[in-house]
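Residue numbers (our numbering), protein chains in the order written: chain A, 61 to 338; chain B, 2 to 299. Idealized CB from N, CA, C, for every residue including glycine. If you're wondering where the values come from, they're calculated on a predicted model, not measured in any experiment.
Written as structure tokens, this is what we have:
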């Protein structure tokens with residue numbers, strides 16, 4: 061870039077001004093939430109906003125005490141999200157490999173089936189599951205969440221692992237076959253390790269989709285199996301909203317996902333475009 | 002060709018068998034989580050559950066007639082089209098625009114993109130809470146900004162602005178998705194074509210229209226389809242921020258389904274609503290798969 065010419069300097073200034081406005085739009089809500097979670101109840105509502113204040117940990121202290129019960133909510137969220145991720149990734153890796161390598165006649169139909177299962181509107185999935193769970197007595201059980209989250213995580217993992225295995229050269233497996241491996245061993249020892257970063261990215265996204273779910277958990281969970289997004293929604297009451305706790309809960313919900321999401325940043329485009337764009 | 006070589010044909014068949022065995026567990030579970038609920042929701046739409054969940058009564062087309070003659074059903078679909086249409090329009094325009102801006106940056110492209118994409122990781126329930134907090138007219142930060150401009154309104158609580166406000170929350174969360182997809186496509190563009198246009202003396206508008214956009218058209222379409230299916234999936238933000246109100250002004254069809262099912266306990270009617278939603282998803286899914294199978298994306 062020719063920084064010397066006047067036009068370039070103007071372009072440079074305009075570009076970065078636009079960037080600053082865009083980033084302010086994207087980040088102020090998150091920043092404001094995290095900041096508010098460290099404010100006192102009175103400080104939280106004082107406007108114009110103060111950038112510098114004495115942080116208090118009182119809200120977090122209450123939430124993580126026995127009365128706040130947040131360890132419980134986090135544990136419930138983690139169990140439901142991790143177990144559905146585990147099921148999705150194990151079955152998805154095997155099935156995705158088969159889809160990538162096998163010459164299935166109806167591959168187009170299978171793809172459509174997988175995609176439409178992944179993309180089914182959540183309210184339309186909740187309804188039949190709710191009645192089924194009510195009849196077999198699974199409502200309020202953490203197993204109902206495992207099942208519910210698998211409805212979107214399994215098709216997602218299947219699809220993503222198919223995409224990632226299509227990138228692994230078939231020659232690697234053929235070499236293993238010649239060395240006396242059977243096809244499953246070739247998958248386990250050669251293809252899976254080769255596609256491991258794809259596997260990790262898929263797992264992280266499955267975890268995120270399940271962790272961030274609110275609607276399924278709001279219908280299927282009971283007070284014992286409440287997940288943390290449901291706990292956040294219950295802070296909205298007829299009497300008003302406990303904003304300090306709401307902001308602290310929001311911070312607790314997004315922090316692990318920000319870290320996990322940024323850790324697999326390289327694969328986000330692939331994951332979030334259902335593998336269509338590299 | 003394999004048939005001419007008995008040895009090869011044998012290994013192929015054995016190979017296929019391994020793959021079928023590896024695919025089987027997924028297929029069985031997938032059937033359980035997709036075909037079974039689908040069949041079940043169709044069944045529910047012909048039954049009356051109001052007397053007892055355990056022994057529903059067959060009512061024929063009654064639920065369907067009630068839903069299809071219900072004004073709220075049609076107006077909720079109308080609002081869904083508005084919500085999705087405006088939301089997607091803004092997300093596409095801003096998302097592509099931001100991708101072009103970030104693509105122009107000589108320095109700091111990665112950092113800017115990383116910060117810009119952070120809302121993607123925010124749970125919709127938190128996005129809804131944040132919208133409510135920031136827009137609250139007595140203590141919300143954004144409401145305070147607006148008051149400095151002499152605009153004193155309860156954006157989420159006013160019939161004329163609530164829809165725009167929930168769309169803005171969706172735009173805040175999901176525009177970065179369009180940006181990262183389009184930017185990835187821009188970055189994989191063959192540099193020669195763009196440079197050739199430079200030599201020909203094309204100005205930026207021409208270059209964009211004639212060289213750049215045709216090359217990223219497919220990924221843009223993918224982004225649009227993925228977002229259209231996803232914008233139909235969620236009602237979390239609306240549930241948290243407006244609960245469909247005020248005066249039904251943000252009651253999109255997904256929210257209407259939840260209300261009919263779990264507030265009115267009218268499962269049969271809710272099932273019929275759900276089937277209309279599934280039909281739209283299925284059409285979009287067909288388009289998506291057709292686009293992918295044509296190849297050449299990415």
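Run through DSSP, which three-state label would residue i get?
i: residue 49 of chain B; result: strand
i: residue 197 of chain A; result: coil
i: residue 154 of chain B; result: coil
i: residue 265 of chain B; result: coil
i: residue 9 of chain B; result: Confidence at residue 9 of chain B is low in this model, with a pLDDT of 43, below 50, so the placement of that residue is unreliable and no value is reported for it.
i: residue 128 of chain A; result: coil
i: residue 54 of chain B; result: coil
i: residue 280 of chain A; result: helix
i: residue 133 of chain A; result: helix
i: residue 59 of chain B; result: strand
i: residue 62 of chain A; result: For residue 62 of chain A, the predicted structure reports a pLDDT of 45, less than 50, and the residue's modelled location is therefore unreliable. The matter cannot be settled from this model.
i: residue 214 of chain B; result: helix
i: residue 273 of chain B; result: helix
i: residue 129 of chain B; result: helix
i: residue 299 of chain B; result: With a pLDDT of 38 at residue 299 of chain B, under the threshold of 50, the predicted position of this residue should be treated as unreliable, though the coordinate-derived value follows. Coil at residue 299 of chain B, not helix or strand.
i: residue 119 of chain A; result: helix
i: residue 222 of chain A; result: helix
i: residue 4 of chain B; result: Unreliable placement is indicated for residue 4 of chain B, whose pLDDT of 43 sits below 50; the coordinate value is still reported in the next sentence. Of the three classes helix, strand and coil, the one that applies to residue 4 of chain B here is helix, per DSSP.
i: residue 203 of chain B; result: coil
i: residue 251 of chain B; result: coil
i: residue 329 of chain A; result: helix
i: residue 286 of chain A; result: coil
i: residue 266 of chain A; result: helix
i: residue 162 of chain B; result: coil
i: residue 293 of chain B; result: helix
i: residue 322 of chain A; result: helix
i: residue 197 of chain B; result: helix
i: residue 70 of chain B; result: coil
i: residue 105 of chain A; result: coil
In terms of alpha-carbon separation, which member of the options lies closest to residue i?
i: residue 189 of chain B; options: B/165, B/175 and B/219; result: B/219
i: residue 205 of chain B; options: B/237, B/105, B/25 and B/147; result: B/105
i: residue 312 of chain A; options: A/86, A/95, A/79 and A/69; result: A/95
i: residue 182 of chain B; options: A/242, A/127, A/244 and A/336; result: A/336
i: residue 124 of chain B; options: A/338, A/318 and A/331; result: A/318
i: residue 161 of chain A; options: A/220, A/226, A/180 and A/118; result: A/226
i: residue 120 of chain A; options: A/135, A/140, A/97 and A/111; result: A/97
i: residue 195 of chain A; options: B/254, B/73, B/121 and B/55; result: B/55
i: residue 176 of chain B; options: B/97, B/50 and B/48; result: B/97
i: residue 271 of chain A; options: B/52, B/126, B/66 and B/116; result: B/126
i: residue 283 of chain B; options: B/256, B/231, B/47 and B/19; result: B/231
i: residue 203 of chain A; options: A/284, A/263 and A/233; result: A/284
i: residue 81 of chain A; options: B/112, B/50, B/117 and B/108; result: B/117
i: residue 80 of chain B; options: B/185, B/144, B/249 and B/203; result: B/249
i: residue 23 of chain B; options: A/234, A/246 and A/180; result: A/246
i: residue 217 of chain B; options: B/184, B/233, B/234 and B/238; result: B/184
i: residue 264 of chain B; options: B/293, B/244 and B/238; result: B/244
i: residue 242 of chain B; options: B/229, B/95, B/135 and B/210; result: B/135
Residues of chain A with CB closer than 8 Å to the CB of residue i, please, in chain order.
i: residue 120 of chain B; result: 86, 89 and 90
i: residue 142 of chain B; result: 88, 92, 107 and 109
Give the DSSP bridge partners of residue i, in chain order.
i: residue 297 of chain A; result: A/300
Give the interface partners of residue i over in chain A, defined as CB-CB distance under 7 Å, in chain order.
i: residue 282 of chain B; result: 176, 179, 180 and 181
Identify the contact partners of residue i in chain B, using a Cβ-Cβ distance below 7 Å as the criterion.
i: residue 303 of chain A; result: 134
i: residue 293 of chain A; result: 126 and 241
i: residue 215 of chain A; result: 31
i: residue 171 of chain A; result: 290
May I ask you to check if the CB of residue i is nearer than 7 Å to at least one heavy atom of the ligand MG?
i: residue 174 of chain B; result: The ligand MG is not part of this structure, which contains no ligands at all.
In chain A, what lies closer than 9 Å to residue i by C-beta?
i: residue 264 of chain B; result: Per Cβ cutoff of 9 Å: no residues; residue 264 of chain B is ~12 Å from chain A at best.
Whose Cβ in chain B lies nearer than 8 Å to the Cβ of residue i?
i: residue 191 of chain A; result: 41, 45, 50, 54 and 268
i: residue 275 of chain A; result: 235, 236, 237, 240 and 259
i: residue 317 of chain A; result: 122, 123 and 124
Notebook entry, point to check: Are three or more beta carbon pairs between the region 79-93 of chain B and the region 234-241 of chain A nearer than 8 Å?
Noted result: No: fewer than three Cβ pairs fall under 8 Å.
Margin query: Whether or not the region 285-304 of chain A and the region 318-332 of chain A are in contact is what I'm after, with contact meaning three or more pairs of Cβ atoms, one per stretch, closer than 8 Å; do they touch?
Written below: Counting Cβ pairs under 8 Å, fewer than three are found: no touch.
Item checked: At least 3 beta-carbon pairs within less than 8 Å: the region 24-31 of chain B vs the region 146-156 of chain A -> In short, these stretches touch, since the Cβ pair count reaches three.
Notebook entry, point to check: Does the region 255-263 of chain A come close enough to the region 131-142 of chain A to have 3 or more Cβ pairs within less than 8 Å?
Noted result: Judged by Cβ distances under 8 Å, the region 255-263 of chain A makes no contact with the region 131-142 of chain A, as fewer than three pairs qualify.
Note to self: Count Cβ pairs between the region 263-279 of chain A and the region 108-117 of chain A that sit closer than 8 Å; are there 3 or more?
What the structure shows: Contact between the region 263-279 of chain A and the region 108-117 of chain A is not established, with fewer than three Cβ pairs separated by less than 8 Å.
Item checked: Stretch pair the region 32-49 of chain B + the region 261-280 of chain B: three plus CB contacts closer than 8 Å -> Inter-segment contact for the region 32-49 of chain B and the region 261-280 of chain B is present: three or more beta-carbon pairs are separated by less than 8 Å.
Notebook entry, point to check: Can at least three beta-carbon pairs, one atom from the region 191-198 of chain B and one from the region 108-117 of chain B, be found at a separation below 8 Å?
Noted result: Because the criterion of three Cβ pairs below 8 Å is not met, the region 191-198 of chain B and the region 108-117 of chain B do not touch.
Next item on the list: Answer yes if the region 137-147 of chain A comes into contact with the region 206-216 of chain A, meaning at least three C-beta pairs across the two stretches below 8 Å, and no otherwise.
Entry: Touching, yes, given that three or more Cβ pairs across the two stretches are closer than 8 Å.
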